[in-house]
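See structure below.
Residue numbers (the numbering used here): 491 to 1194.
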């Protein structure tokens, strides 16, 4: 085929160490080889290694990678709580607010503590929660007589401990009926901390994992040498031999697609391109707009100057954008966000005689907490206003490249098209085709009362397939299947027929976030839901052919160049070239799957996306599906770079993440958390549904 003639072949090191003999239960062998902490780098993060066994075309393979993880320190619970609340110096003798209590509870829940008040007895407990009342108000029936005794008095009489922090809640441990004052508990060190990290901790973790390809390869080789698998007693007992050398696999590089702007073409080089002297393929229209400024250190003059330059850039790139706002910037305090937004809308409708704003530019403080989410929630579920949020530091450091990136987002939000593929798309351009992207985002660790959010987007502008309209749904927390997919897919089919005057004749579905162990349940439930949606919408028994592809990003497969010094096979970051695809040797022995690195490395080591085909009624060849997937990575609207996985799945991820803002802060009670699976199956009423989107946004890619 043509694409094969245009590609080049090279060899890559893939760090899956081959297991040549395997005659034992895998779990039993690798139980003693779990993640360990190789080096204590700083207080809460240690580096270690990850390993797993996977079936491949060459037999079973051991997948090895290095990584960093967060662990808790061995310290008193009181000190841990002060750290969580960012309290320094003064003792924490006051009562916690409801918000502080919830924050502390989420951080502590599930951690193990040991008691310090019983002399040589260091009994350990798991924290289940915090009491609502402070320690000084807690009482319980004591002994056979049932005498009511306070926790403070009990610890004084029984253990000669004077409880000092009586205004703080007690820990609920064991069977939840056991109360322990925080000051007598110490966190057991070395526990993996899986809760959400703050911005500083996250940045430190990213820096720890940011290893260039050469450095990462060297670290892995050193780790393999240090682990000495060959002499491991468990491996010897089961007759397992593990090679010290990484696997070499053939790969090829897919060519980047030609991109089409209004009146001009461009071909990306190494996964990126420049929009200089180009205009949007289809410019959006913004007639009425205004600026709302929440950043008190950004003056009116600075805000006005930034907006003027932004409007000029929008016009330069081909948008029909009014050069003047309807009024000067409106200044407001962050705590008055809802009042400010409603005032702006009211003033706009008065000035425009009933017409509404096309765009609201919102300047936010650099550290804005929940303000961004509040702006999006109010604009998109109450007022129907498209907003573009910009940080104060972006306004201060305004430059041409930043303005161009903001223009890309604005044009997409208001219904424009930034760029399209010039050449026909394999198995898409020849017949009306709808391309879906789907993802489910789950609550952060510790937020057990929150629902999961499912987002399904679908292309509505065949044959360009660039506009992906979202449909959102809240569902039971931690549920990976998209429970409402039948309704969501039905609405997309209806919209496709309305927008294109034709029904789709092919269905391509990119599903993000599904692990190997969930393949069967997703295949059985979601495929049938798509078919049922078609039958219900069009009253037809024959459903168009469906290709269902799972996109996996959270894996530990790394692809390294065979020769790091060969600049014909590596990009500037030292990573493999965008478009590198591997579909043999390390792939599943019987199923259709492949690894594709579609993006250029910026920092650290690139991770290829793993695509696993669960159903293929369209009978794609490997070459056709790989080319389609790679090409879709180049029409992501928010940047002039190819992205790391297919843009429909990327859009679904963005939409699901956006929808989490639609629940007001504090919407969910930790006390009403539903954890029992039987309750999950029958208690749909306990899932708080998302507020509906405003009607004027439903057919726009407003979430970009």
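Ideal Cβ placement from N, Cα and C applies to all residues, glycine included. The structure displayed is predicted, hence computed values, not measured ones.
Nearest in C-alpha terms to residue 974, of all of 903, 934, 1013 and 1023, is 1023.
Within the stretch 1045–1085, complete beta strand (DSSP E) segments of at least 3 residues are found at 1049–1051 and 1070–1072, given in chain order.
Residue 760 and residue 1118 have their C-alpha atoms some 18 Å from each other. A direct Cα-to-Cα measurement between residue 785 and residue 880 gives close to 10 Å. In the three-state reduction of the DSSP assignment, residue 968 falls in the coil class. Cβ neighbours of residue 987 within its own chain (closer than 7 Å, five residues either side excluded): 993.
It is roughly 6 Å from the alpha-carbon of residue 1139 to the alpha-carbon of residue 1002. Shown here for residue 1070: same chain residues with a beta carbon closer than 6 Å to its own, the five before and five after excluded, namely 741, 743 and 1087 in chain order. In terms of Cβ geometry, residue 904 and residue 774 form a close pair [threshold 8 Å]. Note that the stretch 685–696 does not touch the stretch 580–594; fewer than 3 beta-carbon pairs, one per stretch, sit closer than 8 Å. In the DSSP assignment, residue 851 is bridged to 781 and 878. In the three-state DSSP reduction, residue 754 falls in the strand class (E or B). The beta carbon of residue 1187 lies closer than 8 Å to those of 870, 874 and 876 in the same chain, with the five residues before and after it left out. Contact between the stretch 1049–1058 and the stretch 1010–1029 is absent, with fewer than three C-beta pairs closer than 8 Å. Shown here for residue 920: same chain residues with a beta carbon closer than 8 Å to its own, the five before and five after excluded, namely 914 in chain order. Distance from the CA of residue 955 to the CA of residue 912, rounded to the nearest whole angstrom, comes to 12 Å. Beta-bridge partners assigned by DSSP to residue 572: none are found. Take the alpha-carbon of residue 1080 and the one of residue 1072: they are about 15 Å apart. Residue 693 is classed as exposed because its beta carbon has fewer than 16 other beta carbons within 10 Å across all chains shown. The criterion of a C-beta distance shorter than 8 Å is satisfied by residue 778 and residue 848. Assignment of alpha helix (DSSP H) within the stretch 641–686, counting only whole runs of 4 or more residues, yields 641–649 in chain order. One Cα belongs to residue 796, the other to residue 684, and the distance between them is close to 40 Å. For residue 836, the enclosing alpha helix (DSSP H) has its first and last residue at 827–841. Taking the Cα of residue 799 as reference, the smallest distance to any Cα among 941, 891 and 720 is reached at 891. Put simply, of 898, 768 and 1004 the residue whose alpha carbon is nearest the alpha carbon of residue 931 is 1004. Membership of residue 710 in any beta strand (DSSP E) is not indicated; the residue belongs instead to the alpha helix (DSSP H) covering 703–717. Within its own chain, the residues whose Cβ lies closer than 6 Å to the Cβ of residue 811, once the five positions on either side in sequence are excluded, are 776, 801, 804 and 805, listed in chain order. Cβ contact annotation for residue 562 (same chain, cutoff 6 Å, sequence separation greater than five): 677, 681 and 683, in chain order. Annotated three-state conformation of residue 863 is helix, per DSSP. Between the beta-carbon of residue 980 and that of residue 908 there is about 29 Å, and that puts the pair past the 8 Å contact cut. Its chain contains 679 as the residues whose beta carbon lies nearer than 6 Å to that of residue 564, once the 5 sequence neighbours on both sides are disregarded; these appear in chain order.
Beta-carbon to beta-carbon, residue 769 and residue 807 are separated by about 6 Å, close enough to satisfy the 8 Å threshold.
Going by beta carbons, residue 1142 and residue 1123 fall outside the 8 Å limit. With fewer than 16 other beta carbons inside 10 angstroms of its own, residue 738 counts as exposed. For residue 1099, the enclosing beta strand (DSSP E) stretches over residues 1099–1106.
Beta-bridge partners of residue 1087 (DSSP): 1070.
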